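For the sequence shown, the numbering used here begins at 1000 and goes up steadily by one.
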Amino acid sequence: MKNALILHGADSNSKANWFPWLKLELEKRGYRVFAPNLPHSEVPDIKQYKDCILSSGFSFGAKTILVGHSAGSVIILKLLETLPENVDTAILVGAFKDSRAWFKVLFGKPVTLEELRIRVNAGRELMKNHIHINLRKLFAKPFKFEKIKKRARKIIFIHSDDDPFCPLSGAKYLARKVGGELIVLPGQKHFSVSTAGKEYIRFPFLLELLDGITRKAVTAPSRHPSRSRSLRSRSWLRPKPKARR
């Protein structure tokens, strides 16, 4: 039976953003979906989360898809290091490679007024919702990239060019290291209601991507799978507004 695991990010839960919508849509398509509330999400702990997921009865196999958002993406990468079975696809939305880059985006020297505005807003969001987050336990040990590569048939990163928390450079690095594909969707921030608006109670682009993978209708990876491609969904993704002269 095909199944799916959906993991939320730090200081969040399974009812936030587009997670309940995606769960329902996948269930309509015949998936058995597990979308747990990860314990103590304000201080993500890889060991605790692995124990929680692996003891849940959820089975991993050739028809399994994994979807993670933000810190949930990091958890999925760490899970792939230790899974006893290979899975079909892992889709990682708004991933990051370490906590230092996250804070560099927030507090690095701004170059333009727009960057300053983004960082000020991101700083407010951090103080409002993430002040208790401690991300160090996510990165207590380095990634085992060779093991990660072997455990998923396909690894896809979805990232924005203006994510206020997780720099695009981190997603590029991770995609390169695991031989994955990077899809850049312009102007979508952190793919969350708090950063990009109420439209992110749904995520049609992600569902279309999963449908395409299921139908085996997606284009085969190129010889350079880490090369990013920028896609725009005609029915949903807003075009980036042009700057006024």
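Ideal Cβ placement from N, Cα and C applies to all residues, glycine included.
Predicted model, so just to flag it, every value in this text is computed and none were measured.
Going by CA-CA distance only, name the one from Tyr1030, Arg1201 and Phe1095 that's closest to Phe1018.
Arg1201
Run through DSSP, which three-state label would Ala1034 get?
coil
Should Ala1089 go down as buried or exposed, given a rule of 16 or more other Cβ atoms within 10 Å for buried?
buried
Against chain B, with Cβ distances strictly below 9 Å, would Leu1025 count as a contact?
The displayed structure is made up of one protein chain only, and chain B is not part of it.
I'd like to check one pair, Leu1023 with Gly1067: are the Cβ atoms closer than 9 Å?
no
Taking 9 Å as the threshold (C-beta atoms), are Phe1033 and Pro1077 in contact?
Checking the sequence shown, residue 1077 turns out to be Lys, not Pro. For Lys1077 and Phe1033, no; Cβs fall outside 9 Å.
Using only the alpha-carbon positions, how far apart do Pro994 and Val1042 sit?
What the structure shows of the chain is the stretch from 1000 to 1244, and residue 994 is not part of that stretch, so it cannot be assessed.
Option in Lys1146, Ala1070, Ala1139 and Leu1134 with minimal Cα separation from Val1086
Lys1146
Looking only at DSSP bridge pairs, what is Ile1157 linked to?
Val1092 and Ile1182
Hey, how far is the Cα of Asn1016 from the Cα of Val1192?
6 Å
When the Cα of Ser1054 is compared with those of Pro1035, Lys1062 and Gly1179, which residue comes out closest?
Pro1035
The alpha helix (DSSP H) enclosing Gly1211, as first and last residue numbers:
Pro1203 to Thr1213
If Ala1094 sits next to Leu1173, beta carbons under 8 Å apart, how far is it from one beta carbon to the other, in whole angstroms?
6 Å
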